[in-house]
Each structure stands twice: as structure tokens, then as C-alpha cells.
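Chemist:
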Amino acid sequence: AQTVTQSQPEMSVQEAETVTLSCTYDTSESDYYLFWYKQPPSRQMILVIRQEAYKQQNATENRFSVNFQKAAKSFSLKISDSQLGDAAMYFCAYWANTNAGKSTFGDGTTLTVKP
Amino acid sequence: KAGVTQTPRYLIKTRGQQVTLSCSPISGHRSVSWYQQTPGQGLQFLFEYFSETQRNKGNFPGRFSGRQFSNSRSEMNVSTLELGDSALYLCASSLAVGTYEQYFGPGTRLTVT
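Chains as they are written, first to last, in my numbering: chain P, 1 to 115; chain D, 1 to 113.
1. According to DSSP, what are the bridge partners of Q6/D?
2. Mapping the DSSP letters down to three states, classify R58/D as helix, strand or coil.
3. Do L43/D and Y35/D come within 9 Å of each other at the CB atom, strictly closer than that value?
4. What does DSSP give as the partner residues of Q37/D in its beta bridges?
5. So, is the C-beta of L47/P closer than 9 Å to a C-beta in chain D?
6. Classify A96/P: buried if its beta carbon has 16 or more other beta carbons within 10 angstroms, exposed otherwise.
7. Within 10 angstroms of the Cβ of G16/D, are there 16 or more other Cβ atoms? Answer buried if so, exposed if not.
8. Whose C-beta lies closer than 6 Å to the C-beta of S22/D among residues of the same chain, with five residues either side of it excluded?
9. So, using beta-carbon positions, are S80/P and C23/P closer together than 9 Å?
10. DSSP beta-bridge partners for Y76/D?
11. What does DSSP give as the partner residues of Q8/P in its beta bridges?
12. Anything in the segment 56-73 of chain D with a Cβ closer than 7 Å to a Cβ of chain P? List those residues in chain order, please.
13. When you compare the CB of A92/D with every CB in chain P, is at least one pair closer than 9 Å?
14. Let me know if S51/D comes out buried or exposed under the rule of 16 or more other beta-carbons within 10 Å of its beta-carbon.
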């Protein structure tokens, strides 16, 4: 079974600084996708960034980037120039093509941004 | 485009009752997935529907069921409610063809007393 592990229950960062959230996963699949979602206190889950496993290039979306290490099964999220609005719970998620519509989530990391 | 909508947003039920939650996906999306979110268990996959067919199911008892209509709207039903069913139920939709991004609704907060 696929598992997703986020080893940091809580992280904090100073506004304008950079923070990295860690995620590891376990799978025997070769064709899959990885995601980072953000869930602010309002509870609406928002897709932050996604990575296709077959792509070697790390995905980037503005201030958000990932470090995808396929052999190590590691998928970390880097947030640059942190803003107060980045404060939220961040979930790492995995989706295999053989398991349509099913995302497996980590337990989440609560990010606090200090002004 | 309108996002994923879920109704109702909040619900209070008594043990033993049943409940039906509704989800309307983003226009054009044909896949709808349901998740249960609790502080203790995190986000757990319930089931996924595509073109009115259940394609995938999580490890939940048979009290949890769902369906999808021809317009892709989906409902999930929980019968014989238990206190442990108190949770945030999230619905997510995706195109399901060519892209694998899921877009989540705001959720339905179910409280069982």
C-alpha cells in the first residue's frame, strides 16, 4: 500500500524568509503524481503545486517549488519569501494512475508565519 | 468557472440517523472523490465516481455509500450514524482524463451527537 509521511507536524518561518516542508512516500508504482495542498483555517483545500513522476525537472509555481528525489522517494516543498497568507496546514499527497481518483495524504504540516 | 460546491456546509445529526451530503463538481469534471477528514485519522479516501460508476473505494464500512448522477453531481450517504462519523467531509472533482489534479470543495462539517 502507498503511504505518505510528513515528519514535521509544525513548522514556523519568519515573514520574507524561506521554509522547506518535508514529505516522503512509499510506492511500488512507476506512474504517479505528487501534490502539495494548502488548507487555511477556512478549510478550503487548495492545490499548490504538482509533480509528475516521469518528469525529472522540479515543478515551480511562483514562490513555491519542489525538490523531487524519485530514487529517495522524497518530495519537499520550498516556500520562498514567506507571506502571512502562507500560514496554513500543508498536505503532501500521492496519486497513482492505477488508483483512479484516489489521493493518499500525509498527516499535514502546520506552518506558522511570524511577522 | 464556479468551483466545487458542497451542501449543506454544516449538519448536526443524532446517533442512529442517516445523512446525505451533496457535491456539485466543476463544470466539465466527470470524476468526483469523497474524503473524510478528522483530527485523529487525517484525510481518508472514501470512494470515487466516474461517469456514474464507482471506480475506487476506501476502507470504510458499508454504512458509507455514494452515487453519481448523469450530470456528474454526487451524493454520499451515511446510515446508522455513529459518534465517530463526526468529521469534515470533503468532495473533490477532476477531469479524470489527461489531468490528475483534484479540486476540493469547502466541505460539509458533520457533527453526530
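Glycine included, each C-beta is placed from N, C-alpha and C at the ideal position. Note that the coordinates shown come from a computational prediction; the quantities given were computed from them, not determined experimentally.
Modeler: The structure says:
1. C23/D
2. Reading the sequence as shown, one finds Gly at residue 58/D and not Arg. Correct three-state label for G58/D: coil.
3. yes
4. L43/D and L88/D
5. yes
6. buried
7. exposed
8. T7 and E75
9. no
10. Sequence inspection shows Met at residue 76/D; the Tyr mentioned does not correspond to that position. Answer is L21/D and G66/D.
11. For Q8/P, which the question treats as bridged, DSSP gives no partner whatsoever.
12. N56
13. yes
14. exposed
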